[in-house]
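First up is the structure itself, then whatever we jot down about it.
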Amino acid sequence: MSRAEGDKVSEGGAGDRQEEVRQIYDPVADTPQRYRREPAEAQPPLDYPPYKSTQLRHPKQPLVYLPHTVTEITGPQLAATVGMAGTDSDLTVQHRGEPIGERIIVSGHVYDTEGKPLPDTLVEVWQANAAGRYAHKWDRWAAPLDPNFTGAGRCLTDADGRYQFTTIRPGPYPWGNHYNAWRPAHIHFSLLGRAFAQRLVTQMYFPDDPFFPYDPIFNSVADEKARERMISTFNIHETRPNWAQAFNWDVYLRGPASTPFEESFE
Amino acid sequence: MIFEVTPSQTVGPYFAIGMPYEGGNLIVPAGTRDAVTITGTIHDGRGDIVPDHLIEFWQPDGEGHFADIHGYGEQSTLEGFRGFGRWGVEDGDGAYEMVTVKPGQVPGPGGRLQAPHIDVTLFARGMLHRVVTRIYFADESDVNASDSVLTTVPAARRQTLLAQPTDAGYRFDIHLQGPAETVFFDI
Chain A
19 MSRAEGDKVS EGGAGDRQEE VRQIYDPVAD TPQRYRREPA EAQPPLDYPP YKSTQLRHPK
79 QPLVYLPHTV TEITGPQLAA TVGMAGTDSD LTVQHRGEPI GERIIVSGHV YDTEGKPLPD
139 TLVEVWQANA AGRYAHKWDR WAAPLDPNFT GAGRCLTDAD GRYQFTTIRP GPYPWGNHYN
199 AWRPAHIHFS LLGRAFAQRL VTQMYFPDDP FFPYDPIFNS VADEKARERM ISTFNIHETR
259 PNWAQAFNWD VYLRGPASTP FEESFE
Chain B
870 MIFEVTPSQT VGPYFAIGMP YEGGNLIVPA GTRDAVTITG TIHDGRGDIV PDHLIEFWQP
930 DGEGHFADIH GYGEQSTLEG FRGFGRWGVE DGDGAYEMVT VKPGQVPGPG GRLQAPHIDV
990 TLFARGMLHR VVTRIYFADE SDVNASDSVL TTVPAARRQT LLAQPTDAGY RFDIHLQGPA
1050 ETVFFDI
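Written as structure tokens, this is what we have:
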């Protein structure tokens, strides 16, 4: 199946309609020409004093407005580039033995802000092990490494924009930001989207984490509703009996600009 | 219905356990004719090198053709051209290195050709979302002078966006703060 056909299958209904839609596929008409500009409050600020490392790493000059041109509305095809292996989306089978911890299935969809699923896009994850330790040479805190857990995975969304990982529930861990600082348990997510303008790196949290009120990274997002969009939900229906718990988390990347006035270029 | 975006969070200090992949910095295959190496360092507000950064390039080939996931526009026919590069290492000396070809010109606002440029995304610990900049080329002063994006940048700051020629290709350093602070874009 060509890439163009794959795009359309994701939007189509039953078989006949898919055939019809494939014939009118148009890479110009089907590529958003401009993306929605996000309100400032939708994202955390780069200058956020409670998170101390932002101090020397945030630009102080005003950002310069960039119109969305062909460079910003296009994006890479990474399926071949990253050479996906079958075990890449199951972080519990990448070593000789099984990792220690609570086995979980994390799944969801990648949509744009119009609710359109984004197919064939790269989703990458990395995380600490069940004890809250990363398999990284600079993570030196006194929790055990797990020889059977690296904590990295990747997959492509399917035609419906869906992704799924099997992994171990990560533990919370201390860090040096302030006295008695702990990060809520989280899985790092990297999303390429389908355009340079959609690129996102974020963190998925777990419901009811007791560290939420104390974490400056989580609370750097000022709006409570926006913070909730980073928290997964427990899903008993997708839990596999005698095997794994299930958490759902959908990701929304910027969608097409909806009005011509949104992006006038002067 | 319009949904709200998922907020960004920092890439943190440990992305290198998951983000690198084989040949990630090869935007073109090694040995490609006219390949250049673009290298540089990232500096914080004290001028210190930021070694734990993750940097990505997105660009067209020398003809101005992308290898686009949508199939938008004329597609690159350069053998093995990815258009995308990523650099982020567990324990590097702080300099990134991308192997690529100099991009060609692509249309901009009003259909006018833009000066050759590469879109750059930079992530790091201490940054709650990405910053975006563009690499232009110091040896393209004629087209740079009339570029519809570059000319919107305050004149005194434009040189922060110019990659300087070297023996192997180009050098492009990024300063997050300070007198040489790089221009970052509101995308």
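One line per chain: the protein sequences are A and B, in this order. Heads up, the first sequence is in my numbering, so the first residue is 19 and it goes up one at a time. Heads up, the second sequence is in my numbering, so the first residue is 870 and it goes up one at a time. Don't be surprised by glycine CBs; every beta carbon is placed ideally from N, CA and C.
Counterpart residues of residue i in DSSP-defined beta bridges
i, result
"S125(A)", "Q182(A), N266(A)"
"P135(A)", "Y129(A)"
"V141(A)", "C173(A), L209(A)"
"P274(A)", "Y53(A)"
"R1040(B)", "T908(B), Q1033(B)"
"E925(B)", "R955(B), T990(B)"
"L81(A)", "DSSP, once it has assigned bridges, lists no residue as partnering L81(A)."
"R902(B)", "Partner(s): none; R902(B) has no beta bridge."
"Y1005(B)", "L1031(B)"
"Y223(A)", "H204(A), I249(A)"
"T969(B)", "V905(B)"
"L982(B)", "P976(B)"
"Q216(A)", "For Q216(A), which the question treats as bridged, DSSP gives no partner whatsoever."
"D1060(B)", "This structure cannot speak to residue 1060(B), because chain B is shown only from 870 to 1056."
"I918(B)", "H912(B)"
"Q878(B)", "Bridge partners of Q878(B): none, in fact."
Residues of its chain near residue i, where Cβ-Cβ distance is below 7 Å and the 5 sequence neighbours each way are ignored
i, result
"E943(B)", "H934"
"Q112(A)", "T105, T168"
"L17(A)", "Chain A is shown only over 19 to 284; residue 17(A) falls outside these bounds and no answer can be derived."
"W159(A)", "R151, Y191, P192"
"A240(A)", "E59"
"D227(A)", "P202, A203"
"M19(A)", "Here the model assigns M19(A) a pLDDT of 35, short of 50, so the residue's position is not dependable, and the following value carries that caveat. Result list for M19(A): empty, nothing under 7 Å."
"E56(A)", "R272"
"A146(A)", "Y152, G169, P188, G189, Y191"
"Q61(A)", "none"
"R1027(B)", "L1019"
"G959(B)", "Per the sequence presented here, residue 959(B) reads as Glu, with Gly not at that position. Closer than 7 Å at the Cβ level, and outside the excluded window around E959(B), lie A885."
"R1040(B)", "T908, G909, A1032, Q1033"
"Y181(A)", "S125, G126, V128, V141, C173, T175"
"L96(A)", "L140, L210"
Cβ shell of residue i (< 6 Å), same chain only, five flanking positions each side left out
i, result
"T1057(B)", "Residue 1057(B) lies beyond the residue range present for chain B, which begins at 870 and ends at 1056; the question has no answer from this structure."
"P259(A)", "none"
"Q41(A)", "Unreliable placement is indicated for Q41(A), whose pLDDT of 48 sits below 50; the coordinate value is still reported in the next sentence. Around Q41(A): no qualifying Cβ."
"S126(A)", "The sequence as given places Gly at residue 126(A); Ser does not occur at that position. Same-chain partners within the cutoff: N266, W267, D268."
"S107(A)", "G171, C173, F183"
"I911(B)", "V919, H922, I1043"
"E142(A)", "R172, S208"
"I938(B)", "none"
"Q216(A)", "L271, R272"
"I924(B)", "W956, Y965, L991"
"V219(A)", "S208"
"A199(A)", "W193"
"E932(B)", "G973"
"N1013(B)", "A984, Y1005, L1019"
CB-CB length for residue i against residue j, believed under 8 Å
i, j, result
"Q928(B)", "T901(B)", "With 8 Å as the limit, Q928(B) and T901(B) do not qualify as a contact, their Cβ atoms being about 14 Å apart."
"P1048(B)", "A244(A)", "Contact doesn't hold; Cβ gap of about 35 Å is too wide."
"H986(B)", "P976(B)", "No, H986(B) and P976(B) are not in contact; Cβ-Cβ is about 12 Å, not under 8 Å."
"D913(B)", "L81(A)", "Going by Cβ atoms, the distance from D913(B) to L81(A) rounds to 18 Å, so no, they are not a contact pair."
"G949(B)", "V897(B)", "6 Å"
"R75(A)", "A1024(B)", "No, R75(A) and A1024(B) are not in contact; Cβ-Cβ is about 26 Å, not under 8 Å."
"N166(A)", "E116(A)", "6 Å"
"V905(B)", "G1038(B)", "3 Å"
"Q221(A)", "Q878(B)", "4 Å"
"Y53(A)", "P274(A)", "6 Å"
"Y936(B)", "P94(A)", "It is Ala, not Tyr, that sits at residue 936(B) in the sequence shown. Indeed, because the Cβ distance is near 7 Å, the residues count as touching under 8 Å."
"Y223(A)", "I249(A)", "5 Å"
"L1045(B)", "P77(A)", "6 Å"
Cutoff 8 Å; reference residue i; Cβ partners in own chain excluding five residues on either side
i, result
"T92(A)", "T49, A213, F214"
"E894(B)", "Note on identity: in this sequence residue 894(B) is Asn, with Glu being the wrong assignment. G954, R955, W956, Y965, E966, M967, V968."
"Y69(A)", "N195, P234, I235, S238"
"E256(A)", "I123, S125, A264, N266"
"G979(B)", "S1017"
"Y890(B)", "R955"
"G952(B)", "I896, W927, Q928, P929, D930, F935, A936, D937, S945"
"E1009(B)", "A984, P985"
"A262(A)", "R121, I122, I123, T184"
Neighbour list for residue i in chain D, Cβ cutoff strictly below 9 Å
i, result
"E959(B)", "Going by chain labels, chain D is absent from the structure shown, which instead holds the protein chains A and B."
**Prompt:** So, do the region 110–129 of chain A and the region 64–81 of chain A have three or more beta carbon pairs nearer to each other than 8 Å?
**Reply:** No, the region 110–129 of chain A is not in contact with the region 64–81 of chain A.
**Message:** Three Cβ pairs or more, each shorter than 8 Å: is that satisfied between the region 141–155 of chain A and the region 879–895 of chain B?
**Reply:** yes
**Prompt:** Between the region 1029–1046 of chain B and the region 998–1013 of chain B, do three or more beta carbon pairs fall short of 8 Å?
**Reply:** yes
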